[in-house]
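Peer 1: Numbering (my numbering), first residue to last: 25 to 729.
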């Protein structure tokens, strides 16, 4: 767990991040792993290669360009730096063009092309200095050294074998060179090559990893890479295709397709559906809250992701009491980690349960997936887990029997704050004081309300009338009490939480926008909530701040007290859409899409709360994950809201675009339900929805503003 801001990653434009499931790597623009303490290749929560520095005749390579084909591969273009004759001040030999093609698969494959663009042959010495520190991801992201364990190194004729052992935990990493004779030492690799005029010399490198005695997909050369590529091709052929003249929307959508595809975690056994990792670089594992919200946002793209997430979380659902892991019967976990496991699995490793919101979100997502065509068999299989989650909400989540879900950690190493703003100072009073647990967060009560409504809807579908009445009654009572106890009439907004004394934690935050999303807000408070969210203290021109600028604790560069989190804003505008504030939906959606355009279509985990009128570009946050799951899924939810896309009861969709959302024609081909795919078109102001198989359109006239 990380209860504070991670270590800085520096300027995001100088950091190249590649992701493929449990494998990710961070490098500079030259392709080297060396310039930043967070650089390296990571697999299953451990850095398996911490240095790879390329030298040509003893000099580093000058970076020229980087091309990212997708989230799993990159091409680095550079040129050699010839030595300088200090006597004359002139450079020596001509330059060599260096092209490094890197591809993630089970771990990593790299091809180094040395191109002689000159008219004469060149003899050069190519070196690659390498190291593997086997630092765990927690040490790297917290910026501390990791010196535990026993390290070994064996230089083989064409490879370096790194080993590490700590107690019963054993890891190995082997970097192998092919394509040209090589000299291997403890320092790394050296190749003496002659490149003919206008010729090319190619060196290939493969990195493989062993957990315990088991090498991960280790066979001759690198057979896992086509498998990774085939997964990527299958993903791209299954997801909807968007055609629109809106360049910002199109770029953000396409980038999100790439990133969500890369963030999928695949079960090595092939027995489970993929799930979504929370984000690179620090959270390439299953997080309950993040996966549930990301899967909800991605429903029109691939609802089977939601089914995979629900299946995995159901398998990990709490069964007993454990103060150290904060496990409780029925509780949905917060995160799982792979350190110490002998084989990578979706549901293996150590599990921590300190989340107050993942449990109601589990029920919410199952209810939403039921609306999106989930079959009876899958619904009945998952329903007992939803009922256990509801039992946790009533029996353990409500710690003092007041009808609200609270949290307080039971582990010394646990998270002090267990909502989505989980930094230690993330929840503040109006006077700037840090709120201490036990806390009942406003948005969590909204999630509970929506969970009760979801269970009532499922009961209606299955003919369980007694349960319909029970959960509708619980939802109604919670909504009534919430609007009484959390509403601050003198301030005009909802308290972010109730504190240990049941007094309101009264700062102005974005959390109450989630209450709009869940529907727990009374209609007569909705306009005031939206007005506060869209006020100059909360709306910065790109998105919604987490904390208002006139709050004493406001800091535009803090983790949770004044920054902009795209997923947070998207859930807030989903709430605005629910209550009919369409104009504000477009304002925030277009702001977020403008921000995405500043990063080539990719929304980061968070960015600075500085105002757009003050600084005319969104300011990156140096510790922000990118790609990150719920930020990557945000454009999908924004598109859904702008289209007014909702599943119909039996099949298909209703589509009621917000007036002015789309200036030109649009096609969203292959939008998904669990039980089928559909094409959505806007053609000369006419909206049509056609099943992908029958192509029988249902048309409606698009209203003008």
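Each residue gets a CB set at the ideal place from its N, CA and C atoms; glycine is no exception.
#1: In or out: residue 178 buried (at least 16 other Cβ within 10 Å) or exposed?
#2: Could you name the residues that DSSP lists as bridge partners for residue 211?
#3: Report all residues from its chain with a CB closer than 8 Å to the CB of residue 54; omit the five preceding and five following residues, and keep chain order.
#4: Where does residue 422 fall in DSSP's three states?
#5: Let me know if residue 449 comes out buried or exposed under the rule of 16 or more other beta-carbons within 10 Å of its beta-carbon.
#6: Rounded to the nearest angstrom, what separates residue 378 and residue 104 at their Cα positions?
#7: Do you know whose CA, among 655, 334, 313, 38, lies nearest residue 60's CA?
#8: Going by other Cβ atoms of all chains shown within 10 Å of its Cβ, with 16 needed for buried, is residue 40 buried or exposed?
#9: Can you grab the Cα-Cα spacing for the pair residue 80 / residue 198, in whole Å?
#10: Under a Cβ-count criterion, where at least 16 other Cβ atoms within 10 Å of its own Cβ denotes burial, should residue 339 be classed as buried or exposed?
#11: Measure the CB-CB distance between residue 301 and residue 659 and report whether it falls below 7 Å.
#12: In its own chain, which residues sit with a C-beta less than 6 Å from the C-beta of residue 446, not counting the 5 before and 5 after it?
#13: What does the alpha-carbon distance come out to for the pair residue 180 and residue 628?
#14: Should residue 397 and residue 713 be called a contact, given that it needs their Cβ atoms to be closer than 7 Å?
#15: Return the Cβ separation of residue 123 and residue 146 in integer angstroms, given the expectation that the two are a contact with Cβ distance under 8 Å.
#16: What's the call for residue 710, buried or exposed, on a 16-neighbour Cβ count within 10 Å?
#17: For residue 405, count neighbouring Cβ atoms within 10 angstroms of its own Cβ and tell me buried if that reaches 16, exposed if not.
#18: CA-CA distance, residue 130 and residue 240?
#19: Compare the C-alpha of residue 577 against each of 459, 144, 143, 157 and name the closest.
#20: Within the 7 Å Cβ cut-off, does residue 315 reach chain C?
#21: Just to confirm, are residue 595 and residue 541 a CB contact at a threshold of 7 Å?
#22: What residue range is occupied by the uninterrupted alpha helix (DSSP H) comprising residue 489?
#23: How about the stretch 546–560 and the stretch 596–616: do they share at least three Cβ pairs that are nearer than 8 Å?
#24: Is it the case that the Cβ atoms of residue 468 and residue 380 are separated by a distance below 7 Å?
#25: For residue 49 and residue 42, I'd like the C-alpha separation in whole angstroms.
#26: Are at least three pairs of beta-carbons, each pair with one atom in the stretch 277–295 and one in the stretch 610–630, less than 8 Å apart?
#27: Give the DSSP-derived three-state secondary structure of residue 417 in the structure shown.
#28: Can you check DSSP and say which residues form a bridge with residue 227?
#29: Between the stretch 408–418 and the stretch 319–326, do at least 3 Cβ pairs fall closer than 8 Å?
#30: Quick check: the Cα distance between residue 509 and residue 461, rounded to an integer number of angstroms?
#31: Closest to residue 692 by C-alpha separation, out of 267, 291, 142, would be which residue?
#32: State the DSSP-derived secondary structure class of residue 411, mapped to helix, strand or coil.
#33: Can you tell me where the alpha helix (DSSP H) with residue 471 in it begins and where it stops?
#34: From residue 663 to residue 531, what does the alpha carbon distance come to, in whole angstroms?
#35: Taking the alpha helix (DSSP H) that residue 537 belongs to, which residues open and close that run?
#36: When you compare the CB positions of residue 297 and residue 334, do they come within less than 7 Å of one another, or not?
Peer 2: This is what the structure holds:
#1: Start at 1 with the first residue of the chain shown, and residue 178 comes out as number 154. With fewer than 16 Cβ atoms within 10 Å of its Cβ, residue 178 is classed as exposed.
#2: On the chain shown, residue 211 is found 187 positions in, with the first residue counted as 1. Under DSSP, residue 211 shares a beta bridge with no residue.
#3: Here residue 54 refers to the residue found at position 30 when the chain shown is read from its first residue. 78, 84, 85, 86, 87, 100, 102, listed in sequence order.
#4: The residue given as residue 422 occupies position 398 in the chain shown. Residue 422 carries a coil assignment under DSSP once its states are collapsed to helix, strand and coil.
#5: For the purposes of this step, residue 449 is taken as the residue at position 425 of the chain shown. Flag for residue 449 reads buried.
#6: For the purposes of this step, residue 378 is taken as the residue at position 354 of the chain shown. For the purposes of this step, residue 104 is taken as the residue at position 80 of the chain shown. Rounded to whole angstroms, the gap between the alpha carbons of residue 378 and residue 104 is 51 Å.
#7: Residue mapping note: residue 60 aligns to position 36 of the chain shown, counting from 1. Residue 38 holds the alpha-carbon nearest to the alpha-carbon of residue 60 among 655, 334, 313, 38.
#8: Numbered from its first residue, the chain shown carries residue 40 at position 16. With 16 or more Cβ atoms within 10 Å of its Cβ, residue 40 is classed as buried.
#9: Indexing the chain shown from 1 puts residue 80 at position 56. Indexing the chain shown from 1 puts residue 198 at position 174. Distance from the CA atom of residue 80 to the CA atom of residue 198, rounded to whole angstroms, is 23 Å.
#10: The residue you call residue 339 lines up with position 315 of the chain shown. By the neighbour-count rule (16 or more Cβ atoms within 10 Å), residue 339 is not buried but exposed.
#11: Walking along the chain shown from the start, residue 301 turns up at place 277. Walking along the chain shown from the start, residue 659 turns up at place 635. Taking 7 Å as the Cβ cut-off, residue 301 and residue 659 do not qualify as a contacting pair.
#12: Residue mapping note: residue 446 aligns to position 422 of the chain shown, counting from 1. Cβ within range, chain order: 439.
#13: Counting from one through the chain shown, the residue named residue 180 turns up at place 156. Counting from one through the chain shown, the residue named residue 628 turns up at place 604. If you draw a straight line from the Cα of residue 180 to the Cα of residue 628, it comes to about 42 Å.
#14: Your numbering for residue 397 matches position 373 in the chain shown. Your numbering for residue 713 matches position 689 in the chain shown. No, they are not a contact pair.
#15: The residue given as residue 123 occupies position 99 in the chain shown. The residue given as residue 146 occupies position 122 in the chain shown. Residue 123 to residue 146, Cβ: 16 Å. No contact.
#16: Here residue 710 is taken as the residue at index 686 of the chain shown, counted from 1. Residue 710 should be labelled exposed.
#17: Start at 1 with the first residue of the chain shown, and residue 405 comes out as number 381. It is exposed - the Cβ of residue 405 has fewer than 16 other Cβ atoms within 10 Å.
#18: The count along the chain shown starts at 1 and reaches residue 130 at position 106. The count along the chain shown starts at 1 and reaches residue 240 at position 216. Distance between the alpha carbons of residue 130 and residue 240: 7 Å.
#19: Counting from one through the chain shown, the residue named residue 577 turns up at place 553. Selected option, being the one with the closest Cα: 459.
#20: Of the protein chains in the structure, only one exists, and it is not chain C.
#21: On the chain shown, residue 595 is found 571 positions in, with the first residue counted as 1. On the chain shown, residue 541 is found 517 positions in, with the first residue counted as 1. Taking 7 Å as the Cβ cut-off, residue 595 and residue 541 qualify as a contacting pair.
#22: Numbered from its first residue, the chain shown carries residue 489 at position 465. Its alpha helix (DSSP H) spans residues 489–509.
#23: Verdict: yes, contact present.
#24: Your numbering for residue 468 matches position 444 in the chain shown. Your numbering for residue 380 matches position 356 in the chain shown. Yes, Cβ-Cβ distance for residue 468 and residue 380 is below 7 Å.
#25: For the purposes of this step, residue 49 is taken as the residue at position 25 of the chain shown. For the purposes of this step, residue 42 is taken as the residue at position 18 of the chain shown. C-alpha separation (whole angstroms): 5 Å.
#26: With the cut-off at 8 Å, the stretch 277–295 and the stretch 610–630 touch.
#27: Within the chain shown, numbered from 1, the residue matching residue 417 stands at position 393. Residue 417: helix per DSSP, three-state reduction.
#28: In the chain shown, residue 227 corresponds to position 203, counting from 1. DSSP lists 136 as partners of residue 227.
#29: In short, these stretches do not touch, since the Cβ pair count stays below three.
#30: Mapped onto the chain shown, residue 509 falls at position 485. Mapped onto the chain shown, residue 461 falls at position 437. Answer to the nearest angstrom: the Cα atoms are 18 Å apart.
#31: To locate residue 692, count along the chain shown from 1; it is residue 668. Checked all of 267, 291, 142; the closest Cα to residue 692 is 267.
#32: In the chain shown, counting from the first residue as 1, residue 411 sits at position 387. Assignment of residue 411 by DSSP, reduced to helix, strand and coil, places it in the helix class.
#33: Numbered from its first residue, the chain shown carries residue 471 at position 447. Per DSSP, residue 471 belongs to the alpha helix (DSSP H) from 466–486.
#34: Stepping through the chain shown from its first residue, residue 663 is reached at position 639. Stepping through the chain shown from its first residue, residue 531 is reached at position 507. Separation of residue 663 and residue 531 (C-alpha to C-alpha, rounded to the nearest whole angstrom) is 31 Å.
#35: Translated into the one-based positions of the chain shown, residue 537 becomes position 513. Per DSSP, the unbroken alpha helix (DSSP H) holding residue 537 starts and ends at 535–542.
#36: On the chain shown, position 273 is the one that residue 297 refers to. On the chain shown, position 310 is the one that residue 334 refers to. No, the Cβ-Cβ distance between residue 297 and residue 334 is not below 7 Å.
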